[in-house]
Structure formats: C-alpha cells, structure tokens
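Following: one structure in structure tokens, then a few remarks.
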Ligand code: B12
C-alpha cells in the first residue's frame, strides 16, 4: 500500500510520474489531502537542504517545483469539494518584488479559497505599488505577502509601509520559507503565518469568521 513516505521518496528521487501516481493512490486509499501536501513540504525541505550543501542544483529545484505543482493539481479538486459557498472576505495575495517562489503562495491561495475567501492572486515579483493599487480596486481588508529569499524581507517591509502610507486600514500577514516572528517585526506586518492553515486561521479571525 502506498504511504506518504513513498511520495516523499518519489519527489526527492526526482521520479515525477511516480509522484503523481502515488498522490492519486493515497487519495484513493483515503489519505487526507492536507496530509499529502504535508508530505510534499517534507520533500521540498529535504531538497532545499541538499541544495544548501551543494548536493542538489537549480535543475533539481525546478523539477521539484514542477512535481509539487502536478501533485497539487491532483489534490486540489478534493480540497475544493469541501469549500463553503458564501464568500467570507477578500484577500490580496502575492510574492513580493524580487522573489519568484510561488508554490507555497499558490497553496496559501487555494486554501483560503476553499475556506470561502475571494482571493486576488497577483503572482510573483509583485511591486509594492501593485498591492496598494489592487487593495484600492478590490476593497480587500487582508493582504498576504509571501517570500522565500532573505532578499524578500526589504520588499515586504516596503510593501507594508506603502500600504500604511496609502491609508489601508486592513491587516497584513507575511509568510514563506525562513519568515518568522522576528521578520514579521522587521516588516511591520500584523502577523506571521507558518503555513497555509495559519493563513486561513488569521484571515478568519480578521474577518470575524473564526
Ligand atoms: C522550489 C524552490 C525553488 C524553485 C521555485 C519554484 C516555484 N515555482 O516556486 C526555483 C527553482 C524557481 C527556485 C529559485 C531560486 N531559489 Co529556491 N527554493 C526552492 C525550495 C527547494 C522549496 C520552496 C518551496 O516551494 N517549498 C514548498 C512549500 C509548500 O513549503 P512551505 O514553505 O512549508 O510552505 C508554507 C509556508 O511557506 C507558508 N507561506 C508561504 N507564503 C505565505 C504567505 C503568507 C501570507 C502566509 C501566512 C504563509 C505563507 O504556507 C505555505 C503552505 O503551507 C526552497 C527550500 C525550502 N526548503 O524552502 C529553496 C530556497 C527558498 N531557494 C533559495 C534560493 C537561493 C533560490 C535562488 C536564488 C537560486 C539561484 N541561485 O538562482 C532562486 C531565486 C529566484 C528568485 N528571484 O526568486 C534558497 C533561499 C535562501 C535565502 N535565505 O535567501 C532556499 C531556501 C534553498 C536553500 N536552502 O538555499 N527555488
């Protein structure tokens, strides 16, 4: 029987076809979709550490990213099946300027969506001004900033500053990679979320839907 550990191995061994096959088998066997995403995160951590010590390189990072996207596509319809009908709030989400990591942001985005939020996803490498403009257009009261690079911390801080300067009266959450409470403090954001579930919990709390 396929286990989440098999999925972790398939991703870290770069066996792309096995990764999607195992994800489907796990779903068929009753494994919860979030447990499958957790296995993916574990695999990405392993690959990230290999990259850090020079045992994996950019092509492996790219392939791992593609595998995660394929697995996410397999899992997504099962998460959507649990979605509530009424929108509970609006969120503007994006990866900050200079950073193109989007896998985690996409997971945050669809977890918010399946929990009833209307999400405007601005994509990657998003300038502060774009967040300000979009918040103005949508009237969203929640902004989510994602970033994986150390170099993303300044753009995060600049974005929070630009939002405040524009008179935005909502809340900003930050997350991704090495982002933690000290980075939240540095950026001036209202909260830090460790994963997609934390993002959902914060958004619910801020919109009174908790
Ligand atoms: C895949 C990957 C890539 C892929 C990205 C593919 C894609 N489409 O996203 C590619 C190959 C493009 C890439 C490129 C680079 N990468 Co890279 N990458 C990774 C890797 C292996 C995994 C990241 C990932 O997607 N993890 C999976 C997610 C799902 O896991 P997660 O973090 O648990 O996700 C949760 C949280 O992050 C949280 N979250 C995320 N966003 C938000 C937002 C909010 C508001 C909230 C509340 C929560 C939240 O919720 C998520 C879901 O639960 C990491 C290593 C690692 N372990 O993080 C390196 C890593 C981030 N990369 C790194 C580097 C150096 C680079 C490059 C600079 C390499 C280079 N020399 O070119 C470039 C940067 C290009 C750029 N300008 O951005 C370094 C960063 C080091 C640093 N401190 O700056 C890392 C840490 C690798 C390492 N150990 O050295 N990378």
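Residue numbers (this note's numbering): 284 to 493.
Beta carbons: idealized from backbone N, C-alpha and C, even for Gly.
Who are the near neighbours of residue i in its chain, counting only those whose CB is closer than 6 Å to its CB and skipping five residues on each side?
i: residue 460; result: 431
i: residue 298; result: none
i: residue 329; result: 295
i: residue 308; result: 285
i: residue 345; result: none
i: residue 424; result: 453
Spatial neighbours of residue i within its chain, please: CB distance less than 7 Å, with the 5 preceding and 5 following residues excluded, ordered by chain position.
i: residue 409; result: 377, 378, 379 and 380
i: residue 421; result: 373, 375 and 403
i: residue 412; result: 445
i: residue 361; result: 310 and 316
i: residue 314; result: 287
i: residue 301; result: 293
For residue i and residue j, what's the separation of their Cα atoms in angstroms?
i: residue 443; j: residue 353; result: 33 Å
i: residue 463; j: residue 471; result: 12 Å
i: residue 385; j: residue 292; result: 22 Å
i: residue 537; j: residue 453; result: Since the first and last residues shown for the chain are 284 and 493, residue 537 lies out of range.
i: residue 477; j: residue 456; result: 10 Å
i: residue 336; j: residue 405; result: 33 Å
i: residue 348; j: residue 490; result: 32 Å
i: residue 383; j: residue 327; result: 16 Å
i: residue 332; j: residue 341; result: 13 Å
i: residue 439; j: residue 322; result: 28 Å
i: residue 492; j: residue 338; result: 45 Å
Sort the options by Cα distance to residue i and report the nearest one.
i: residue 356; options: 372, 413, 384 and 304; result: 304
i: residue 450; options: 479, 433, 301 and 419; result: 419
i: residue 391; options: 480, 416 and 426; result: 480
i: residue 466; options: 351, 437 and 290; result: 437
i: residue 389; options: 416, 351, 312 and 331; result: 351
Kindly indicate which three-state DSSP category residue i falls into: helix, strand or coil?
i: residue 419; result: helix
i: residue 490; result: coil
i: residue 434; result: helix
i: residue 408; result: coil
i: residue 392; result: helix
i: residue 314; result: coil
i: residue 285; result: coil
Identify, in the order they occur along the chain, each residue of the same chain with its Cβ nearer than 8 Å to the Cβ of residue i, setting aside the five sequence neighbours on each side.
i: residue 482; result: 391, 394, 395, 427, 456, 458 and 476
i: residue 433; result: 461
i: residue 370; result: 399, 400 and 401
Item to complete: Write down every uninterrupted run of the beta strand (DSSP E) in the segment 330–389 whose length is 3 residues or greater and which is fully enclosed by it, in chain order.
Response: If one requires a minimum length of 3 residues, the beta strand (DSSP E) runs lying completely within the segment 330–389 are 372–378, in chain order.
Discussion item. Restricting to runs no shorter than 4 residues, where is the alpha helix (DSSP H) found entirely within the segment 438–482?
Written reply: 464–470, all fully within the segment 438–482.
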